[in-house]
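Novice:
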Amino acid sequence: MHDPQQTIADRLHARLDQLTRAERQLADSILEAYPVSGLGSITQVAQAAEVSTPTVARMVQKLGFKGYAEFQAALRAELEAKISGPVARRETWAEGAPGAHILNRFTEAVIGNIRHSLGQIDPAQFDAVCDLIADPTRRVHVAGGRITRTLAEYLALHLQMVRPGVVPFQGEQNAWAHPLLDLAPGDVLVVFDVRRYENATLRLAEIAAERGAEIVLFTDQWRSPVHRLARAVLVSRTVVPSAWDSSVTTLLLVETVIAAVQERRWPDTRARMEALDEMFNRTGFFRKFT
87 MHDPQQTIAD RLHARLDQLT RAERQLADSI LEAYPVSGLG SITQVAQAAE VSTPTVARMV
147 QKLGFKGYAE FQAALRAELE AKISGPVARR ETWAEGAPGA HILNRFTEAV IGNIRHSLGQ
207 IDPAQFDAVC DLIADPTRRV HVAGGRITRT LAEYLALHLQ MVRPGVVPFQ GEQNAWAHPL
267 LDLAPGDVLV VFDVRRYENA TLRLAEIAAE RGAEIVLFTD QWRSPVHRLA RAVLVSRTVV
327 PSAWDSSVTT LLLVETVIAA VQERRWPDTR ARMEALDEMF NRTGFFRKFT
């Protein structure tokens, strides 16, 4: 029984170890420009991956579909969801909305998103992300899009307390060229990009990759095009009964990364935080009730 919340990309990633070499080659081809890469005829998809049409048919069945037509119908549904704007998203959930209060419906959706997302994350890849961000030999640059910049700023602010060498990409995207000048080989670029994926974010990632940066991507279940450039990808399910996607699961991952990086660097982080508190005390930044 398949989880109805799983995308086809989720299924492919979960079953890679069960696929033959030809099927893995096909999976890589589909994931390269997902989901559009799977919308051609079975012959076109096979030719693009340089495999046989029976290989396509076998892999589709391994993914739980009765045939190629059912596989493509699922892909088209994902593509429609991927490109939909806020109005279309609201109308989609409103049509079948149950009578329960929005507090309950929204919370249940968020809990389902968290459960599904955590079930899909590879702990080894999560640890690799934290190791990269904690590495004192690397600077960490953080960027987000129109909506996700708030998550990027939240991560950057906390990382600046945890370690030196954290550079947020601030302001409008046309100002990103300046911090790009200082991005060096081996640096880490943390990117946030969810549907509808932004051209400026992709261009930033492309330039960063050309300059030798290691890219960490926070994205949604449909995966931003930036995933093709990323060393590590952390995927969050975002669907809730709203015109907008939810950031709750992404924020959970962000805060967990912060906690993990803090623990990896605790002796240095403790000294850094004590020095910061002393600065706050000297400037009277926080109100004291004594």
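Quick note: the sequence shown uses our numbering, first residue 87, plus one each step.
Using N, Cα and C, we set each Cβ at its ideal position, and we do this for glycine too.
Which residues in the same chain as residue 288 place their Cβ atom closer than 7 Å to its Cβ, once the five residues preceding and following it in sequence are excluded?
Specialist: Taking the first residue of the sequence shown as 1, we reach residue 288 at position 202. Answer for residue 288: 311, 312, listed in chain order.
Novice: Using a Cβ-Cβ cutoff of less than 7 Å, which residues in the same chain neighbour residue 332 once the five nearest sequence positions on both sides are dropped?
Specialist: Stepping through the sequence shown from its first residue, residue 332 is reached at position 246. Around residue 332: 196, 199, 324, 326.
Novice: Within the same chain, show all residues whose beta-carbon is closer than 8 Å to that of residue 160, passing over the 5 residues directly before and after it, in chain order.
Specialist: On the sequence shown, position 74 is the one that residue 160 refers to. Closer than 8 Å at Cβ, skipping near neighbours: 94, 151.
Novice: Given a threshold of 16 other Cβ atoms within 10 Å of its Cβ, counted over all protein chains shown, does residue 273 qualify as buried or as exposed?
Specialist: Residue mapping note: residue 273 aligns to position 187 of the sequence shown, counting from 1. Buried is the call here.
Novice: Find out if the Cβ-Cβ distance for the pair residue 346, residue 276 is shorter than 9 Å.
Specialist: Within the sequence shown, residue 346 is the residue found at index 260, counting from 1. Within the sequence shown, residue 276 is the residue found at index 190, counting from 1. In this structure, residue 276 does not lie closer than 9 Å to residue 346 by Cβ.
Novice: Find the nearest neighbour of residue 119 within the set 364, 353, 354, 308, judged by alpha-carbon distance.
Specialist: In the sequence shown, residue 119 corresponds to position 33, counting from 1. If we check each option's Cα against that of residue 119, 308 comes out closest.
Novice: Who are residue 300's beta bridge partners in DSSP?
Specialist: In the sequence shown, residue 300 corresponds to position 214, counting from 1. In the DSSP output, where bridge partners are listed per residue, residue 300 has 274.
Novice: What residue does the alpha helix (DSSP H) around residue 99 start on, and which one ends it?
Specialist: Taking the first residue of the sequence shown as 1, we reach residue 99 at position 13. Residue 99 -> alpha helix (DSSP H) spans 94 to 101.
Novice: For residue 215, which residues from the same chain have a beta carbon less than 8 Å from its beta carbon, with the 5 sequence-adjacent residues on both sides left out?
Specialist: In the sequence shown, residue 215 corresponds to position 129, counting from 1. Correct list, in chain order: 302, 318, 320, 343.
Novice: From the DSSP output, in three-state form, read off residue 342 for me.
Specialist: In the sequence shown, residue 342 corresponds to position 256, counting from 1. Residue 342: helix per DSSP, three-state reduction.
Novice: Whether or not the segment 95 to 104 and the segment 123 to 139 are in contact is what I'm after, with contact meaning three or more pairs of Cβ atoms, one per stretch, closer than 8 Å; do they touch?
Specialist: Taking one beta carbon from each stretch, the segment 123 to 139 and the segment 95 to 104 have fewer than 3 pairs nearer than 8 Å; the two do not touch.
Novice: Is it the case that the segment 203 to 214 contacts the segment 254 to 262, given that we only count it when at least three CB pairs across the two stretches are under 8 Å?
Specialist: no
Novice: Whose CA, out of 300, 341, 280, 193, lies closest to the CA of residue 235?
Specialist: Indexing the sequence shown from 1 puts residue 235 at position 149. If you compare the alpha carbons of 300, 341, 280, 193 with that of residue 235, the shortest gap goes to 280.
Novice: Would residue 270 pass as a contact of residue 231 if the rule is Cβ separation under 9 Å?
Specialist: For the purposes of this step, residue 270 is taken as the residue at position 184 of the sequence shown. For the purposes of this step, residue 231 is taken as the residue at position 145 of the sequence shown. It is not a contact, given that the beta carbons lie outside the stated cut-off.
Novice: From what residue to what residue does the beta strand (DSSP E) around residue 140 run?
Specialist: Against the sequence shown, residue 140 aligns to sequence position 54. Looking at the DSSP string, residue 140 is not in any beta strand (DSSP E); the run it does join, the alpha helix (DSSP H), is 139 to 148.
Novice: Here's a check: name, in chain order, each residue in its chain whose Cβ is nearer than 6 Å to the Cβ of residue 146, leaving out the five neighbours to either side.
Specialist: In the sequence shown, residue 146 corresponds to position 60, counting from 1. Same-chain partners within the cutoff: 154, 157.
Novice: Between the beta-carbon of residue 122 and the beta-carbon of residue 189, is there less than 9 Å?
Specialist: By 1-based counting over the sequence shown, the position of residue 122 is 36. By 1-based counting over the sequence shown, the position of residue 189 is 103. Not in contact: residue 122 and residue 189 (Cβ atoms no closer than 9 Å).
Novice: Using CA coordinates, which residue listed in 369, 263, 251, 266 is at the minimum distance from residue 219?
Specialist: Counting from 1 along the sequence shown, the entry for residue 219 is found at position 133. Of 369, 263, 251, 266, the residue nearest in Cα terms is 251.
Novice: Can you name the start and end residues of the beta strand (DSSP E) that residue 322 belongs to?
Specialist: For the purposes of this step, residue 322 is taken as residue 236 along the sequence shown, with counting starting at 1. Note, residue 322: beta strand (DSSP E), 318 to 322.
Novice: Leaving out five residues on either side along the sequence, give the residues of the same chain with a beta carbon under 7 Å from the beta carbon of residue 242.
Specialist: Taking the sequence shown and counting its residues from 1, one reaches residue 242 at position 156. Correct list, in chain order: 228, 252, 254.
Novice: Give the C-beta separation of residue 141 and residue 112 to the nearest angstrom, bearing in mind that I take them to be a contact with Cβ-Cβ under 8 Å.
Specialist: Within the sequence shown, residue 141 is the residue found at index 55, counting from 1. Within the sequence shown, residue 112 is the residue found at index 26, counting from 1. About 6 Å separates the Cβ atoms of residue 141 and residue 112, confirming a contact at the 8 Å cut-off.
Novice: Pick out whichever of 124, 186, 143 has its Cα sitting closest to the Cα of residue 162.
Specialist: As a position in the sequence shown, residue 162 is number 76, starting the count at 1. Among 124, 186, 143, the Cα nearest to that of residue 162 belongs to 124.
Novice: I'd like the span of the beta strand (DSSP E) that includes residue 229, first residue to last.
Specialist: In the sequence shown, the residue the question calls residue 229 occupies position 143. Going by DSSP, residue 229 is part of the beta strand (DSSP E) stretching over 226 to 229.
Novice: Run through the DSSP bridge pairs and tell me what residue 305 is partnered with.
Specialist: Within the sequence shown, the letter at position 219 stands for residue 305. Answer by DSSP bridge pairing, in chain order: 321.
Novice: Would you call residue 102 buried or exposed, if buried means 16 or more other Cβ atoms sit within 10 Å of its Cβ?
Specialist: Reading the sequence shown from its first residue, position 16 is the one you call residue 102. Exposed.
Novice: Would you identify the three-state DSSP class for residue 254, choosing helix, strand or coil?
Specialist: For the purposes of this step, residue 254 is identified with residue 168 of the sequence shown, where counting begins at 1. DSSP places residue 254 in strand when its eight states are reduced to three.
Novice: Consult DSSP for residue 123 and reduce its assignment to one of helix, strand or coil.
Specialist: Mapped onto the sequence shown, residue 123 falls at position 37. Residue 123 falls in the helix class under three-state DSSP.
Novice: Over the uninterrupted alpha helix (DSSP H) stretch that includes residue 203, give me the two end residues.
Specialist: As a first step, residue 203 is located in the sequence shown; it is residue number 117 there, counting from the start. Counting along the chain, the alpha helix (DSSP H) containing residue 203 begins and ends at 188 to 206.
Novice: What residue range is occupied by the uninterrupted alpha helix (DSSP H) comprising residue 136?
Specialist: Residue numbering aside, residue 136 sits at position 50 when the sequence shown is read from its first letter. Secondary structure note for residue 136: it is in no alpha helix (DSSP H), with a DSSP letter that is neither H nor E.
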